[in-house]
Structure formats: C-alpha cells, structure tokens
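Peer 1: In the numbering used here, the protein residues as written are 26 to 421. Just so you know, even glycine gets a beta-carbon here, dropped at the ideal spot from N, CA and C.
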Ligand code: CA
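(1) When DSSP labels each residue in this structure, what does residue 306 get in the three-state scheme?
(2) Taking the alpha-carbon of residue 195 as reference, which of 140, 91 and 72 has the nearest alpha-carbon?
(3) Measure the C-alpha to C-alpha separation of residue 88 and residue 281 and round it to an integer number of angstroms.
(4) Under 8 Å, with one C-beta from each stretch per pair, do the region 361-374 and the region 131-144 reach the 3-pair mark?
(5) Drop a sphere of 10 angstroms on the beta-carbon of residue 180, count the other beta-carbons inside from all chains shown, and report buried for 16 or more, exposed for fewer.
(6) What do you reckon, are the CB atoms on residue 317 and residue 304 nearer than 9 Å?
(7) In the DSSP output, which residue or residues are listed as bridge partners for residue 211?
(8) What are the start and end residues of the alpha helix (DSSP H) that includes residue 146?
(9) Exposed or buried, residue 122, counting other C-beta atoms within 10 Å across all chains shown (16 or more means buried)?
(10) Does the Cβ-Cβ distance between residue 192 and residue 164 come in under 9 Å?
(11) Measure from the alpha carbon of residue 15 to the alpha carbon of each residue in 420, 396, 382 and 149, then state which is nearest.
(12) Consult DSSP for residue 262 and reduce its assignment to one of helix, strand or coil.
(13) When the distance is taken between beta carbons, is residue 252 closer than 9 Å to residue 321?
(14) Which residues in the same chain as residue 396 place their Cβ atom closer than 6 Å to its Cβ, once the five residues preceding and following it in sequence are excluded?
(15) Could you compute how far the alpha carbon of residue 425 sits from the alpha carbon of residue 65?
(16) Between which two residues does the alpha helix (DSSP H) containing residue 100 stretch?
(17) Got a sec? Which residues, its chain only, sit under 8 Å from residue 67 by beta carbon, not counting five neighbours each side?
(18) Using the Cα positions of residue 63 and residue 189, report the straight-line distance between them to the nearest angstrom.
(19) Less than 8 Å between C-beta atoms, sequence neighbours within five positions excluded: which residues of the same chain meet that for residue 120?
(20) Can you tell which of 136, 380, 110 and 145 has its C-alpha closest to the C-alpha of residue 208?
(21) Can you tell me which of 264, 82, 302 and 388 puts its alpha carbon nearest to the alpha carbon of residue 293?
(22) Please identify the residue among 377, 415 and 147 whose C-alpha is closest to the C-alpha of residue 334.
(23) Look up residue 238 in the DSSP assignment and say whether it is helix, strand or coil.
(24) Given that a residue counts as buried once 16 or more other Cβ atoms are within 10 Å of its Cβ, and exposed if not, what is residue 419?
(25) Assuming residue 12 and residue 380 form a contact by the criterion Cβ under 8 Å, report the distance between their Cβ atoms to the nearest whole angstrom.
(26) Just the Cα atoms here: how many angstroms apart are residue 200 and residue 220?
(27) Using 10 angstroms around the beta-carbon of residue 234, count the other beta-carbons present and answer buried if the total reaches 16, otherwise exposed.
(28) Along the chain, where does the alpha helix (DSSP H) that runs through residue 339 open and close?
(29) Below 8 Å on the Cβ atoms is my guess for residue 161 versus residue 90; work out the distance and round it to an integer in Å.
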C-alpha cells in the first residue's frame, strides 16, 4: 500500500511549473485509459473532452517525487525550519483575528484553536504558500507512473469530480507537486470526504476561504479520531539511569508506567497520569529532546505520517498557546542519506541484528536492531544512528 503521501500532504515549495516537451512514450495511451476510467466513474463527456483530454505530463513532478526519499533531514534541520518565532507570532496574531470562528470550531469539533493554527502554519505558512502547480497535471503525471498508479488515479478522478461539483476552473486548481490543495493542503479524496462549507456560501473552497479551510481541518481531525480535552503529547525529561527499554510507537505504555520509570515534565513536576497510553520519541537520540506522544499524536500522524511533523505541529500549537520553546534544543546532526542508512541496515543484518530487508528507511525494526547492537557494544541504546554507532558498525 502506498504510504509516503498522506491524505493531506505537506507542501513542497516549488516555483517551477515547467512542462516537459517529451513525455513517456506511453503518455497518450495512459491519458486515453484515464478517460475510460473517468467515463466509467460517471464524469461527464464535457469534463473528459475539455479537461482530462488536455492534461500535460510534468517532468518536474517526477523529479520532485524521486527526490523525496534520498535524504532524511535531521530533526534539528526539520524542526528549526518549521517552528519559527515568526510562525509563533503570526499564529498568535491570527488567533486574535479569527477568535470567534476558532472558538466555535473548538466547541463543535473538539479541536482547540492552537492546533488548527499550527496545521495551517506548517502546511502553507498560514495560506501564504499554497503551491502553484496544476493539480490535474500533477495527478495525471503520477497516475501514469506505474509505481502508485492506482492511488493517484483515484485522486485524479476525485479532483475532476470536485471540479464538476463546484465548477472550479482548472487554473484555480493549483497545489503541491503531489496534488495537495489549498490553505491546509488537502488531497482530493480528503477534500471530497472532509472539507466543509465554513462560511456558508454554498461552496467548499479551500483556496480562497479561510473559514472553509479551518472548518475543514477541524472536521478532518475530528474524523481522524482527535480526542477532545487531550493534549498532543509533551516534551519530557528522562532520569539519568534511563534504560530506553520502550521506544517508539510500537512500545506505547500507560502514563502511570512512564511516571514510574522516572519521566517528568520539563519544569520538574510529576507527569499527570490520566488513563492514557503514550509512546516515547527521541528524534535526535539521547542527546536531544525527548517527547511523549499521546493518542492525538497518532491522529496528527494520520494527517502526515511523520513523527517529526507531529512533534512540530504539537510544539508549534503549544507555542502559539503561550508556551516557551523546547527545554532541550535539538542538537545539530548530519542529514542521513538513504544509501548510508541502507548500508547500516545491511551491516546490522550481517552481524546478526535482524532489521529486515534494507530499505534505507529507519522503521521500528531498525530501531530495535540498532538498540540491540548499541547495547551489545556498550553504547547508549537509544536506537539512534549516531556517528558513534556508524563508526562501531564500520559504516562510513
Ligand atoms: Ca464556502
């Protein structure tokens, strides 16, 4: 199943919308097939002839798609670019501007204002960068790439249905290279399913109506399972003798267990321990900040399947709501190339620490394998591929 692009994808900034003169030789056949699919799904002949027939292959989309998994940014690099003082200030300012609406949405959907502002800030810098690429061209290009054809064909059909339903001009339908649209970067299927008419003008317009966009984000989060009255998680401090026995989402524990293990709030006070599960995340290893992610953390990850993203949304929300910055600043770490991580995984397998088939992506199996190796070598078993760990594995 296709996993790297979530229902609402994060914005990928690009100014280039260059259309390649040379498409794949199968482009014509593919577009003809898409027209058949559109017909079978009940789209009008008019839409098929005037819109779908004219979609263009965009080489830049494939470039950006292929570029995605090459490097994973370090947490420090990711976080400091996204949770900025400007965004905190802007979030607070916009809270005042949209207070009545945000409070209504909190009441109706259970999602507090600061979270809606944080998603808005992270996705499009509060609507200032909504993406400029043609959504229909992007989706058609990705639909004609065999790797995830089914997923993007579905999204393309959905985008065409939205165009028919609301009478959008295709020039208006712009977004990220992956087809995410509007203030909150909804993919077409999320748009169709969860977007709502917040300003009551009879049209759901995520590009031009802030009310529609914020209401839609609230409705989407409620549907993803957002728990009213609960936080996203929090930064925590670990005791000096911490054993890192339970790390990552697959090792979630009751809050009472974390309190027993000696975790505390960053101000030194005891963790509050309502009946909830929480997972521990160390996005830059044991020298960086530690976070507990609660149930709403997993809801944020349904919007965008990235722990970095979920931490950034949660922390930006806290900051907008008046909190101070992180207690422990994320340390500078090198970005990791996929090739290097693959080598690390291969070496762990060779040494008998099973991490499954090397894919260059640090998942839960890699985390466990790394921890076992680190323990064996007397390194801090935080499951983080530190330079010391690379060195011990003889991986350059
Ligand atoms: Ca509207």
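Peer 2: In short:
(1) Note: residue 306 maps to strand in three-state DSSP.
(2) 72
(3) When only Cα atoms are considered, residue 88 and residue 281 end up about 47 Å apart.
(4) no
(5) buried
(6) yes
(7) 206
(8) 138-149
(9) Exposed.
(10) no
(11) No answer is possible for residue 15: the residues shown for the chain start at 26 and end at 421.
(12) strand
(13) yes
(14) If we look at residue 396 and ignore the five residues flanking it on each side, its Cβ neighbours are 406 and 408.
(15) In the structure as shown, the chain starts at 26 and stops at 421, and residue 425 therefore has no counterpart that could be examined.
(16) 100-107
(17) none
(18) 12 Å
(19) 127, 138, 139, 142 and 345
(20) 145
(21) 264
(22) 147
(23) helix
(24) exposed
(25) As shown, the chain starts at 26 and ends at 421. That puts residue 12 outside it, with no answer to give.
(26) Their Cα atoms are separated by approximately 16 Å.
(27) Buried, since its Cβ has 16 or more Cβ neighbours within 10 Å.
(28) 332-345
(29) Not confirmed; about 16 Å, so no contact.
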